[in-house]
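For the sequence shown, the positions run 2 to 346 when my numbering is used.
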Amino acid sequence: MPILRHLALCVALGSGLVTGAAQAAEELRLYNWGDYINPEVLTRFTAETGIKVSLDTYGSNEEMLAKLQAGAKGYDIVFPSVHMHDTMAALGLLEKTDINQDAAFANIDPAFLRSKSDPKGEYCMPYAWGSVGIFYNKNKVSKPIESWDDFFAEAKAGKKVIMLDDMRETLGVGLIKDGKSVNSTDPAELKQAADWLIERKPLISAFTYDSVPMVQSGDAAAAHYFVGAMMYVKQDPQNLAYVIPKEGATMYQEDMCVLKSAPNKANAKRFMSFFLQPEIAALNTAQQMNGTPNKEALKLLPAELRDNPQVNPPADVMAKLQIFQDLGKGLKQYDRVWTRVRTAN
2 MPILRHLALC VALGSGLVTG AAQAAEELRL YNWGDYINPE VLTRFTAETG IKVSLDTYGS
62 NEEMLAKLQA GAKGYDIVFP SVHMHDTMAA LGLLEKTDIN QDAAFANIDP AFLRSKSDPK
122 GEYCMPYAWG SVGIFYNKNK VSKPIESWDD FFAEAKAGKK VIMLDDMRET LGVGLIKDGK
182 SVNSTDPAEL KQAADWLIER KPLISAFTYD SVPMVQSGDA AAAHYFVGAM MYVKQDPQNL
242 AYVIPKEGAT MYQEDMCVLK SAPNKANAKR FMSFFLQPEI AALNTAQQMN GTPNKEALKL
302 LPAELRDNPQ VNPPADVMAK LQIFQDLGKG LKQYDRVWTR VRTAN
């Protein structure tokens, strides 16, 4: 899930739009992770439907939810991670779409119906998934990185390394290193994860989502980052690499959801149906370099992507990937522990 904050994108094919008041009604507003949808998907949707699409972006689940709770209006579709999907359902923010009644919903692998609040896909549709590992510059490391130990060894050697400014992801690394669940609410386990991070905090140059340019330029040797970094690896494979650490990693899944407050619900449901088409889901996945829950789309991907072990890991690696769950009241423990990590000297 590469992050480009505050990106605004409008896709409109003028020849396909009607004029006047009718045109104003044919709109769709998306609120998605930064740089996390192929612009060509939106162009094709507009060409097919005449619906003008606008896109605003966010850098984290928490940022998205906070904006909505602060009163942001006008968005039709959001793309929360599974645990945030459940949080938003509990808050009554999501519209029932019955997208699972669409004939093309059969393309969705049932393994991706992970939402506890929406196990049948009556509200939201699985959109994309991937791992969160280590993105690094081959020219700035002493040897290929394979683990978190290798990552911090580079820091100890004087190289800059970066971790995500993300409570769940970064505390998750500490939990994984200790062999624990990334959904643990055991105070002792959370303390140990925080202690592990605080011990290494002097080695961490920054906590940020915006690490890609620093790794590309070599200003940073390595960064904790999403598998979407494979987009940049593909552009510069001689110098860049992405790896799932051998200790294991977190796995994310984003779902496509319609907001209960959406002003354009019919257009939103039309977009969901459009995205169920294998060729459209494949078009997005091929550009994003992540995983797709669409079984038929997977068959359409080029072999170098479909068979790439960093993007579509083998079973033994998949078994080491953990996905976040909604923690309910347990989230307050994470808030306290994360504050301790971020404020530690």
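Glycine residues also receive a C-beta, built at the ideal position from the N, C-alpha and C atoms.
Bear in mind that the values here come from a model prediction, so they are computed numbers and not experimental data.
Coil, strand or helix - residue 279 by DSSP: Counted from its first residue, the sequence shown places residue 279 at position 278. Residue 279 falls in the helix class under three-state DSSP.
Sub-9 Å separation of residue 124 and residue 97 beta-carbons: Mapped onto the sequence shown, residue 124 falls at position 123. Mapped onto the sequence shown, residue 97 falls at position 96. Residue 124 places its beta carbon less than 9 Å from that of residue 97.
Residue from 262, 295, 313 whose Cα sits closest to the Cα of residue 72: Locating residue 72 in the sequence shown gives position 71, counting from the first residue. Selected option, being the one with the closest Cα: 262.
Selected residue, minimal CA-CA separation from residue 277, among 78, 103, 67: Here residue 277 is taken as the residue at index 276 of the sequence shown, counted from 1. Closest by alpha carbon: 103.
Close-in-space but distant-in-sequence residues of the same chain around residue 22 (CB under 8 Å, 5 per side omitted): The sequence position of residue 22 within the sequence shown is 21, counting from 1. Legend: pLDDT at residue 22 = 37, less than 50; position of this residue unreliable, value from coordinates given subsequently. Here the set comprises nothing.
For residue 296, the first and last residue of its enclosing alpha helix (DSSP H): Position 295 of the sequence shown, counted from the start, is the residue given in the question as residue 296. Residue 296 -> alpha helix (DSSP H) spans 296-301.
Selected residue, minimal CA-CA separation from residue 251, among 77, 239, 286, 130: Locating residue 251 in the sequence shown gives position 250, counting from the first residue. Taking only the C-alpha atoms, the option nearest residue 251 is 130.
Classification of residue 268 by the beta-carbon crowding that lies within 10 angstroms, buried from 16 upward: For the purposes of this step, residue 268 is identified with residue 267 of the sequence shown, where counting begins at 1. Classification of residue 268: buried, given that the 10 Å Cβ count is 16 or more.
Where residue 331 sits in the DSSP three-state scheme: As a first step, residue 331 is located in the sequence shown; it is residue number 330 there, counting from the start. Of the three classes helix, strand and coil, the one that applies to residue 331 here is helix, per DSSP.
Meets three-Cβ-pair contact criterion under 8 Å: the stretch 211-231 and the stretch 186-194: The stretch 211-231, when compared against the stretch 186-194, does not touch it at the 8 Å Cβ threshold.
Burial state of residue 306 (16 or more Cβ within 10 Å): Numbered from its first residue, the sequence shown carries residue 306 at position 305. Counting of Cβ neighbours within 10 angstroms places residue 306 among the buried residues, the total reaching 16 or more.
Residue 221 - DSSP class collapsed to helix/strand/coil: Indexing the sequence shown from 1 puts residue 221 at position 220. Correct three-state label for residue 221: coil.
Among 112, 229, 100, 116, the one whose alpha carbon lies nearest that of residue 36: The residue given as residue 36 occupies position 35 in the sequence shown. The shortest C-alpha separation from residue 36 is found at 229.
Closest residue to residue 240 among 253, 215, 246 (Cα-Cα distance): Your numbering for residue 240 matches position 239 in the sequence shown. Distances from the alpha-carbon of residue 240 to those of 253, 215, 246 put 215 closest.
According to DSSP, residues forming a beta bridge with residue 199: Within the sequence shown, the letter at position 198 stands for residue 199. Its beta-bridge partners do not exist; DSSP assigns none.
First and last residue of the uninterrupted beta strand (DSSP E) at residue 92: On the sequence shown, position 91 is the one that residue 92 refers to. Going by DSSP, residue 92 is part of no beta strand (DSSP E) at all; its letter is neither H nor E.
Given residue 141 as reference, the closest of 121, 150, 132, 162 once Cα atoms are compared: What you label residue 141 is simply residue 140 of the sequence shown in a count that begins at 1. In terms of CA proximity to residue 141, 162 leads the group 121, 150, 132, 162.
C-beta atoms of residue 318 and residue 199 nearer than 9 Å: Within the sequence shown, the letter at position 317 stands for residue 318. Within the sequence shown, the letter at position 198 stands for residue 199. No. Outside cutoff.
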